Amino acid sequence: MNPKPLQGIRVIDFCVVWAGPFATMLLADLGAEVIKPENPNVFQPITRGPMARPPAVYFAASLAWAGGVPNNEPGDRPWDYNPTFVSLYRNKKSFTVDTRLPEGKEALRRLVAISDVFYENNAVGTLEKLGITYDWLRSINPRIIMVRVPAYGSSGPYSQGARALGVHLEAVMGHTLLRGYDDADPASNTAIFSGDYLAGTQGAFAVMAALWHRERTGEGQLIEIAQAENAASMFTQAIMDYSLNGRVQGAIGNRDVHGRFPCGVYPAKSPGTSATMDDHWIAISVESDDQWQAFARAIGNPDWSADPRFVTNEGRADHFREIDRHIAEYTASREDYDMMHALQAAGVPAAPVLEASRLFDDPHLRSRDFFRKQHQQSSGEYEYVGPLWKLPETPVEFRQPPVMFGEHNDYVYRELLGYTAAELEQLRAAGHITTEYAPDVP
Amino acid sequence: MQALDNLRVLDLTHHIAGPYATKLLADFGADVVKIEQPGGDIARRLGPFKDDVRDPERCGLFFYLNTNKRSAVLDLKTAGGRDALAVLAARADLVVESFAPGVVDRLGVGWEWLRSVNPHAPLVSISNFGQTGPYRDFKGSELTLYAFAGEMYSMGETEREPMKMAGTAALFESGSASVVAMMGALFAARRHGVAQHVDIAIAETHAGGVDRRHATAIGYQFSGRKTLRVASRSNAMPGGIYPCADGYVDFTNAALYPDRVDEMLGRPEWNRDPRFADPVQRFNPAIVEEWNTNFLMWCLERTKREIWAEARGARLLCGPLFTVEDMYTDSHFRDRGFWTEAEHAALGKVTIPGRPFVMHDGGWQLRRPAPLLGQHTAEVLREAGLHEAAIEAAVRGGNR
């Protein structure tokens, strides 16, 4: 077996929530050793869940991705199996330490000395309070690469005090007004986190670019990802339309930003309703006049499809609502997968809109061995979604299941940092080394 | 010096995801030679166009996606085109392509061919559903790929159809995921001497992606619960999108910090109601609605920027809903140097988003605007040592 691309690179994951942990997970997938210091006396909301010990009502009231815990039972260690946390913490290690205390800071210092990357995406000012700055890291290890992910950057009027998650960055970068139904106000949008996807992937890219640079120069460095700036490129068409033409684009629903018709999501035969999350839909994009003809043939050339007004894209653009109504009538009584196969056989892009539970039944993803079983002691064995890419000679392996709180205390303190048994005892007595949050942490 | 300026990339990608990935490599220094088929990258034919004039050199999308690259037009259906490609491939550190699966093999320029002309360079293939599996040859679009693999199902109103993201955000995400794999392949080649054919399925970059799909999937596995499609209407104190005097603001998780909320509101009398402070009552929809009625009045008396400033002062999670114009004209981003100006033969002065992140050493630079179609065909072939007659033949073939 070949060594992994980033084998031998050690990353400190001083991250919270989604954007930072996604970056370090991608580095871990590529073979880096990623270690998360975790404070047993402070709970960082939305990383291992909303709070250490949420009230039972939380699990019932929240969406499945936030509160869907094994067997719907909060259990003793909800921080170990929060759905968003487990999704971001495969292939990583965890040790506990209160870096607010001198001996905790000393443990972190020792880890910094033997690491390559320090990655953090805390609210601006958090690390300064802990005395963790780039200068401090560099004084310990001049080759260190530090990545910071301030929402709006470390300078300018929004840098101080601004708290932001992906959803707010999308609001500021225009996404929330650019997406959604064309006939409803933006409150009809769902909170999403595409900016975290972009910042996470580009954070991993930034680290690798800096490592590449370091191999050539021997120098580490500080990287700043202002998340709002980073997310902007996703909306290039809208930005460039404003930049080139002064036009302010708005929401166009599921239509094609490049104006090819029809393009939409149509009802399919459903085993249930949206209330039970059993409604099925088919997404269809017709991208050329030829595809329009192929589409019409694939659905049996109904009379309406032969309308000469629909022959050209311009005509379809002028009458798209009429076309959409016809298509919806066709699709409503048919199975989404059947329609996908029929339309794809005709060369027309089409796919069902899959609720997450249905992913696991998809034969294509199955045939590519996309899913991975992981067994975590706190929660048991489940199937997780797989890695983002296939590198056949250096495959992404799920070598460590979603890491439990403090799972690697012994490895980190003893093996990596060289603490003696007596010192370990002292750190344990002082509350640094544990596998549970302190009882007074809510 | 730029971090990646010792890298040569042979870029056979087109449309959005692949070019976005190679743009990131180029923006951080890589010498990216973009191979276009006669007629050019399809992105040149998508909008927006300057002054709405449909012209392959006036496309804003293409411009943004191809900064810092050079363009060579080669007809890979001809022997001359393939021979020219071979000399470029022989000196590349990385080759990237995004044709439908099987096309590079049919053209005779696939993985086996690359191994024969350059055993050290990895090949990264980006496709809709990957190089294997029953959907291998399926067509895909922003909408259908995100519908299938991304967390689209749960976006929108419960009673209405699922709603996609804006523009081609999903393809940009896939491009961004792809550049990580490209760097991984480069590290494997450079550090361990391993050249490999990387298979990236756009669908899998979403099925495994951080924007909720990873968690809705395991949330279902854990609990048997599916994810309801529900709009982010006010369902916390505060939480969701609220109208205000001149638009909208978005609050999240503010409910976790009732005291900060009280501070932001100026500690008004109405917020003294003991039911609003009770942690269990705060999950009661009737109480939440009552609280939100008061809060809405507060919002409607203020502009989005005023509310955001108050929220920042109280350290609450909040964002104003900006239009692209709001963002474009905002002094914060402008003064930080986020926007950058480029000079282009057909577009004149163009303003585009600049660095995606700041490296303090070896970082982002705009060295050249996006290339005109085939602007560098002769130049790159000459650099690669192709003799003049073959260069002329290749240029002629590309202009057909």
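Chains as they are written, first to last, in our numbering: chain L, 1 to 442; chain S, 1 to 400. All C-beta atoms in this analysis are idealised placements derived from N, C-alpha and C, irrespective of residue type, glycine included. Values in this document were obtained by computation on a predicted structure and should not be read as measured data.
- Under the 10 Å beta carbon count, T67 of chain S is surrounded by 16 or more other beta carbons and is classified as buried.
- The three-state secondary structure of S176 of chain S, taken from DSSP, is helix.
- Using a CB distance cut-off of 8 Å, F276 of chain S does not count as an interface residue toward chain L.
- In the three-state reduction of the DSSP assignment, P271 of chain L falls in the coil class, being assigned neither a helical nor a strand state.
- S154 of chain L places its beta carbon less than 8 Å from that of E224 of chain L.
- The continuous alpha helix (DSSP H) containing F85 of chain L extends over residues P83 to L88.
- For G319 of chain S, the uninterrupted beta strand (DSSP E) run begins and ends at C318 to P320, by DSSP.
- Bounds of the alpha helix (DSSP H) holding T201 of chain L are S194 to T217.
- Here F360 of chain L carries a coil assignment [DSSP, helix/strand/coil].
- Contact of C318 of chain S with chain L by beta-carbon distance below 9 Å involves A162, R163, A164, H168 and A171.
- Proximity to V95 of chain S across S:L143, S:L74 and S:I35 peaks at S:I35, based on C-alpha coordinates.
- Annotated three-state conformation of M155 of chain S is coil, per DSSP.
- Counting only runs that start and end inside the segment 331 to 367 of chain S, the beta strand (DSSP E) elements of at least 3 residues fall at 339 to 344 and 348 to 353.
- The contact set of I307 of chain S on chain L, defined by CB atoms closer than 8 Å, is empty, because the minimum CB distance reaches about 12 Å.
- In chain order, L143 make up the part of chain S whose C-beta sits under 7 Å from the C-beta of C263 of chain L.
- Burial check for L343 of chain L: the Cβ neighbour count within 10 Å reaches 16 or more, so the residue is buried.
- Contact annotation for T351 of chain S against chain L: S243 [CB-CB distance below 8 Å, chain order].
- Under the Cβ distance rule, V103 of chain S does not count among the residues neighbouring chain L, no pair being separated by less than 8 Å.
- Here Y411 of chain L is exposed. Its C-beta has fewer than 16 other C-beta atoms within 10 Å.
- Positions of the beta strand (DSSP E) runs, each at least 3 residues long and wholly inside the segment 63 to 113 of chain L, are given as 92 to 96 in order along the chain.
- A check of alpha carbon separations from A206 of chain L across S:N294, S:M359 and S:D137 identifies S:M359 as the nearest.
- Within the segment 262 to 290 of chain S, P279, V280 and F283 place their CB atoms closer than 8 Å to a CB of chain L, listed in sequence order.
- If you look at Y384 of chain L, you'll find it in the beta strand (DSSP E) that goes G380 to Y384.
- For the 8 Å CB-CB criterion, A84 of chain S and L386 of chain S form a contact.
- Cβ-Cβ distances below 7 Å link R225 of chain S to G219 in the same chain, with the five nearest sequence neighbours on each side left out; the list follows chain order.
- Of the residues assessed, S98 of chain S falls on the buried side of the cut-off, its CB having 16 or more other CB atoms within 10 angstroms.
- For A296 of chain L against S305 of chain L, the beta-carbon gap comes to about 4 Å, under 8 Å, which counts as contact.
- Counting only runs that start and end inside the segment 46 to 124 of chain S, the beta strand (DSSP E) elements of at least 3 residues fall at 69 to 73 and 94 to 97.
- Taking the Cα positions, N409 of chain L is about 8 Å away from T434 of chain L.
- Here the segment 355 to 370 of chain L does not lie against the segment 169 to 187 of chain S, with fewer than 3 beta-carbon pairs under 8 Å apart.
- Y248 of chain S is positioned such that its CB atom lies no closer than 8 Å to that of L316 of chain S.
- For E33 of chain L, same chain residues with a beta-carbon under 6 Å away, outside a window of 5 residues either side, are R10 in chain order.
- A Cβ-Cβ separation of about 6 Å places F251 of chain S in contact with G239 of chain S under the 8 Å criterion.
- Residues of chain S with a Cβ closer than 9 Å to the Cβ of F95 of chain L do not exist; the shortest Cβ-Cβ separation is about 24 Å.
- For A187 of chain L, the number of other beta carbons within 10 angstroms of its own is at least 16, and it is reported as buried.
- For F295 of chain L, the enclosing alpha helix (DSSP H) has its first and last residue at D289 to A298.
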